[in-house]
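Heads up, the thing below is written out as structure tokens.
2 protein chains.
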Amino acid sequence: MRTIVLLSGGLDSATVLALCRAEGKACHALSFRYGQRHAIELAAAARVAASLGAASHRVAAIDVACLAGSALTGGGAVPKGRSEHEIGHGIPATYVPARNTLFVAHAIALAEATGATEIALGINALDYSGYPDCRPEWLSAMQEVARLGTKAGVAGEPVKLLAPLLAMSKAEIIRQGTALRVDYSLTLSCYDPADDGRACGACDACVLRRRGFEEAGVPDPTRYRGG
Amino acid sequence: MRTIVLLSGGLDSATVLALCRAEGKACHALSFRYGQRHAIELAAAARVAASLGAASHRVAAIDVACLAGSALTGGGAVPKGRSEHEIGHGIPATYVPARNTLFVAHAIALAEATGATEIALGINALDYSGYPDCRPEWLSAMQEVARLGTKAGVAGEPVKLLAPLLAMSKAEIIRQGTALRVDYSLTLSCYDPADDGRACGACDACVLRRRGFEEAGVPDPTRYRGG
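Heads up: the sequence lines are chains H and X, in that order.
Using the numbering used here, you'd call the opening residue of the first sequence number 2 and step up by one each time.
Using the numbering used here, you'd call the opening residue of the second sequence number 2 and step up by one each time.
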């Protein structure tokens, strides 16, 4: 079983990689450079890929202009200090236009080019940040694209899109990963980290992550600025 | 009306651009550099964009490895001398894994980032080359992705995917473009052109193009090698 795992360097995708590895799959990690503010996450992705035994780790570059207009790509300030209630409502400034569509499109192409039969990604519909391209209905539409737009799909064997975290809360994800010995100190979730990788503690990603560790009853290994 | 037009430098997408321009749309052309053998087509795309009055022309780079494994990206020989009957059956060696999925994913992202409301592309289901990602069912799936995976879609105004050539034969496309004064001498369809842009005359794209001009009763302006 050859599986492409989309790996951002964050907590969720690290857990996905651990889950796939625990099932004995040969995992080929795929990250993206797309002009993100927090490009330091790519270093985290490399550490995670190595620590969890990915068979390979590729970083694909995406044309920056196609993903412009987001706070994550320099199009404005990253919101800080929002409550969990606020995070759960509306599409935030950190939404990157069609990012996951582009990421999965690359993965579908790479799967077809390399004979991978699965693509695993760390989206989850609970505790998510309000991004439209993290929802199950979006994933189903991408699965249809994989079925209808590829040679493997026409042959009746489309690459399968897996989102094992889709219905899990952040706390459940952390408990799952902790059971699989994921070293979360290697991961970076923050949208606005310091140059040395310390997290801001106040962006949506930090808020959700911190609460996840609290709820899971797992010590939070995150290095926070000023912490 | 701000429209993104996928522009390959070939005959079909040039006609799409002409159609959109004839409707008075502000057209932003989008081409891709993806390791194609026939990168010279990008020069043709630039000529076509200028000649038909595109408001802008962007060339986005796509990670080459994600589109590997095709005769068009150096993964084997471009088939030559196939009959129209052969061209109509099966997926040829020139199929590039999930290429149109990647192209349209970029266009969806760019549309969202720039406020474009339409994406026009030159796929056609008749006289096509056997590519799964040129079929109407694939296009419908991509439209669902645009609807479900973007901010505009969530707001009830998804970017609209247009494929005005979908049900047209090559001859009909050429007649339509000729009526709109498209200068087809600027376009390049050949999968294996000479360095000076002359067409091989024998690949699937050349065979379909040449027959299209014959059937349309329009003089073929293509410069063929040895011709």
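In this text, a Cβ means the ideal position worked out from N, Cα and C, and glycines have one as well.
Subject >> Contact check, X:Leu167 vs X:Pro137, beta carbons under 7 Å >> reply: Looking up residue 167 of chain X in the second sequence gives position 166. Looking up residue 137 of chain X in the second sequence gives position 136. The answer is yes: Cβ separation under 7 Å.
Original post:
Quick one: any contact between the segment 42-55 of chain H and the segment 2-19 of chain H, if contact means 3 or more CB pairs under 8 Å?
Top reply: yes
Original post:
Of all the CB atoms in chain A, is at least one closer than 7 Å to the CB of H:Cys67?
Top reply: The displayed structure is made up of protein chains H and X, and chain A is not among them.
**OP:** Return the bridge partner residues of H:Ile63 from the DSSP annotation.
**Re:** The count along the first sequence starts at 1 and reaches residue 63 of chain H at position 62. According to DSSP, which records beta bridges pairwise, H:Ile63 is partnered with X:Ile63.
Subject >> Selected residue, minimal CA-CA separation from X:Ile124, among X:Asp134, X:Lys81 and X:Lys26 >> reply: Numbered from its first residue, the second sequence carries residue 124 of chain X at position 123. Nearest of X:Asp134, X:Lys81 and X:Lys26 to X:Ile124, Cα basis: X:Asp134.
Original post:
Where does the unbroken alpha helix (DSSP H) through X:His90 begin, and where does it stop?
Top reply: In the second sequence, the residue the question calls residue 90 of chain X occupies position 89. Taken as a continuous stretch (DSSP letters only), X:His90 belongs to no alpha helix (DSSP H), as it is neither H nor E.
**OP:** Could you tell me whether any Cβ in chain H is nearer than 7 Å to the Cβ of X:Asp205?
**Re:** Against the second sequence, residue 205 of chain X aligns to sequence position 204. No, no contact with chain H.
**OP:** Examine chain X for any beta-carbon lying closer than 7 Å to the beta-carbon of H:His107, and answer yes or no.
**Re:** Translated into the one-based positions of the first sequence, residue 107 of chain H becomes position 106. Interface residue, yes.
**OP:** Check whether the segment 103-118 of chain H touches the segment 157-175 of chain H, taking contact to mean three or more Cβ pairs, one atom from each stretch, closer than 8 Å.
**Re:** yes
Original post:
How do the segment 90-101 of chain X and the segment 216-227 of chain X stand: do at least 3 beta-carbon pairs fall below 8 Å, yes or no?
Top reply: no
Subject >> Cut-off 6 Å between Cβ atoms - residues of its own chain near H:Leu53, not counting five sequence neighbours on either side >> reply: In the first sequence, residue 53 of chain H corresponds to position 52, counting from 1. Within the same chain, H:Leu53 has close Cβ partners Leu18, Ala19 and Arg22.
**OP:** Alpha carbon to alpha carbon, how far is H:Ser170 from X:Ser57? Give it in angstroms, no decimals.
**Re:** As a working mapping, residue 57 of chain X is identified with position 56 in the second sequence. As a working mapping, residue 170 of chain H is identified with position 169 in the first sequence. Computed Cα separation, rounded: 44 Å.
**OP:** Select from the segment 146-172 of chain X all residues with a C-beta closer than 7 Å to any C-beta belonging to chain H, and list them in chain order.
**Re:** Val146, Leu149, Gly150, Thr151, Lys152, Gly154 and Val155
Subject >> Own chain residues within Cβ distance below 6 Å of X:Ala61, not counting five before or after >> reply: Here residue 61 of chain X refers to the residue found at position 60 of the second sequence. Around X:Ala61: Phe33 and His107.
**OP:** Verify the CB distance criterion: does H:Pro98 have a CB-CB separation below 7 Å to chain X?
**Re:** Along the first sequence, read from residue 1 onward, the residue named residue 98 of chain H stands at position 97. Yes, because at least one Cβ of chain X sits closer than 7 Å to the Cβ of H:Pro98.
Subject >> Proximity to H:Ala153 [Cα-Cα], best of H:Ala117, H:Ile174 and H:Tyr132 >> reply: Reading the first sequence from its first residue, position 152 is the one you call residue 153 of chain H. Comparing Cα-Cα distances from H:Ala153 to each of H:Ala117, H:Ile174 and H:Tyr132, the minimum goes to H:Ala117.
Subject >> Residues that X:Asn125 contacts on chain H, provided the C-beta gap is smaller than 9 Å >> reply: Position 124 of the second sequence, counted from the start, is the residue given in the question as residue 125 of chain X. Ordered by position in chain H, no residue passes the 9 Å Cβ test against X:Asn125, which lies about 16 Å from the chain.
Original post:
Along the chain, where does the beta strand (DSSP E) that runs through H:Cys28 open and close?
Top reply: Within the first sequence, residue 28 of chain H is the residue found at index 27, counting from 1. Where H:Cys28 is concerned, the enclosing beta strand (DSSP E) stretches over Ala27 to Arg34.
**OP:** Verify the CB distance criterion: does X:Leu103 have a CB-CB separation below 7 Å to chain H?
**Re:** Counted from its first residue, the second sequence places residue 103 of chain X at position 102. For X:Leu103, the answer is yes, since a Cβ of chain H falls inside 7 Å of its Cβ.
Original post:
With a CB to CB cut of under 8 Å and the five nearest residues on each side skipped, what residues in its chain are close to H:His39?
Top reply: If you number the first sequence from 1, residue 39 of chain H lands on position 38. The answer, listed in chain order, is Leu73, Leu189, Cys191, Tyr192, Asp193 and Pro194.
**OP:** Using a Cβ cut-off of 7 Å (strictly closer), state whether X:Ile92 contacts chain H.
**Re:** Taking the first residue of the second sequence as position 1, residue 92 of chain X is located at position 91. Interface residue, yes.
**OP:** List the residues of chain X that H:Pro133 touches, going by C-beta distances under 7 Å, in chain order.
**Re:** Residue numbering aside, residue 133 of chain H sits at position 132 when the first sequence is read from its first letter. Within chain X, the residues near H:Pro133 are Leu149, Gly150, Thr151, Lys152, Gly154 and Val155.
Original post:
Is DSSP giving H:Ala78 helix, strand or coil here?
Top reply: As a working note, residue 78 of chain H is residue 77 in the first sequence. In the structure shown, H:Ala78 sits in coil (DSSP, three-state: anything other than H, G, I, E or B).
Subject >> Boundaries (first-last residue) of the alpha helix (DSSP H) holding H:Leu140 >> reply: As a working note, residue 140 of chain H is residue 139 in the first sequence. Counting along the chain, the alpha helix (DSSP H) containing H:Leu140 begins and ends at Pro137 to Leu149.
Original post:
Relative to the alpha-carbon of H:Gly202, which residue among H:Arg83, H:Leu7 and H:Lys26 has its alpha-carbon at the smallest distance?
Top reply: Along the first sequence, one-based indexing puts residue 202 of chain H at 201. It is H:Arg83.
Original post:
So which residues on chain X does H:Glu119 lean against when the C-beta distance must stay under 8 Å?
Top reply: Within the first sequence, residue 119 of chain H is the residue found at index 118, counting from 1. In chain order: nothing, as chain X lies at least about 15 Å away.
Original post:
Name the chain X residues whose beta carbon is nearer than 7 Å to that of H:Glu138?
Top reply: Here residue 138 of chain H refers to the residue found at position 137 when the first sequence is read from its first residue. Those within 7 Å of H:Glu138 in chain X are Leu149.
Original post:
Closest by CA to H:Tyr185, which one among H:Asp196, H:Cys204 and H:Arg211?
Top reply: The residue given as residue 185 of chain H occupies position 184 in the first sequence. Here the closest residue by C-alpha is H:Arg211.
Original post:
In angstroms, rounded to a whole number, what distance separates the CA positions of H:Val6 and H:Glu173?
Top reply: Looking up residue 6 of chain H in the first sequence gives position 5. Looking up residue 173 of chain H in the first sequence gives position 172. H:Val6 and H:Glu173 have their alpha carbons spaced roughly 20 Å apart.
Original post:
Looking only at its own chain, which residues have a Cβ that is under 8 Å from the Cβ of X:Gly1, when we skip the five neighbours before and after it?
Top reply: The requested residue 1 of chain X does not occur in the structure, where chain X is confined to residues 2 to 228.
Subject >> Amino acids of chain H, ordered along the chain, whose beta-carbon sits closer than 9 Å to that of X:Leu111 >> reply: As a first step, residue 111 of chain X is located in the second sequence; it is residue number 110 there, counting from the start. Residues of chain H passing the Cβ test: Asp64, Ala66, Cys67, Leu68, Ala69, Pro98 and Ala99.
Original post:
Do we get a CB-CB distance below 7 Å when we pair H:Ala78 with the residues of chain X?
Top reply: Stepping through the first sequence from its first residue, residue 78 of chain H is reached at position 77. By this cut-off, H:Ala78 is not an interface position.
Subject >> Cβ pair H:Arg59, H:Ala27 closer than 7 Å >> reply: Here residue 59 of chain H refers to the residue found at position 58 of the first sequence. Here residue 27 of chain H refers to the residue found at position 26 of the first sequence. The answer is no: Cβ separation not under 7 Å.
Subject >> Residues that H:Leu59 contacts on chain X, provided the C-beta gap is smaller than 9 Å >> reply: As a position in the first sequence, residue 59 of chain H is number 58, starting the count at 1. Contrary to the premise, residue 59 of chain H reads as Arg rather than Leu in this sequence. Within chain X, the C-beta atoms nearer than 9 Å to that of H:Arg59 come from Asp64, Ala66 and Cys67, in chain order.
**OP:** Pick out whichever of H:Asp221, H:Gly213, H:Asp205 and H:Ala121 has its Cα sitting closest to the Cα of H:Tyr132.
**Re:** The count along the first sequence starts at 1 and reaches residue 132 of chain H at position 131. The option with the nearest alpha carbon to H:Tyr132 is H:Asp205.
**OP:** To the nearest angstrom, report how far apart X:Ser226 and X:Cys207 are at their CA atoms.
**Re:** Within the second sequence, residue 226 of chain X is the residue found at index 225, counting from 1. Within the second sequence, residue 207 of chain X is the residue found at index 206, counting from 1. It is Arg, not Ser, that sits at residue 226 of chain X in the sequence shown. If I take the Cα positions, the gap works out to 11 Å.
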